[in-house]
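One structure is given here, and the rest of the page talks about it.
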Amino acid sequence: MQAWFDSGGVLDLALGLLLLEAVALLALRGRSALPTVATVAAGGCVLLAWRLSMLGLAWPWIGAALLAGLGCHIGDLAVRLARPS
């Protein structure tokens, strides 16, 4: 089990499950699921950045993943704030 965590396999599993969740949400709820999918994508980008750092990639790749996560988060907030209460 320790080797699975050390190798990053647990992050690969989490990223795969997040992808399945996003696909299922879009398939089941369609366009109404976009804010939720944006939230899932933001979390996925943070996990991806973590995984890239474990692989030893250069900082621009990690920064790009974090920047993509920020974009997803801002998009999610924009949609949620634009909705009437």
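Under the working numbering, the first residue of the sequence shown is numbered 44, with each subsequent residue one higher. Glycine residues also receive a C-beta, built at the ideal position from the N, C-alpha and C atoms.
Exclusion of the five residues before and after His116 leaves Ala85 as the residues of its chain whose Cβ lies within less than 7 Å of its Cβ.
In the three-state scheme derived from DSSP, where H, G and I count as helix and E and B as strand, Leu100 is classed as coil. Our two residues, Thr79 and Ala108, have alpha carbons roughly 19 Å apart in a direct line. By alpha-carbon distance to Ser50, the top candidate from Ser96, Leu120, Ala70 is Ser96.
Shown here for Val122: same chain residues with a beta carbon closer than 6 Å to its own, the five before and five after excluded, namely Pro78 in chain order. Ser50: member of the alpha helix (DSSP H) spanning 45-50, first to last residue.
If you draw a straight line from the Cα of Leu113 to the Cα of Gly106, it is about 10 Å long.
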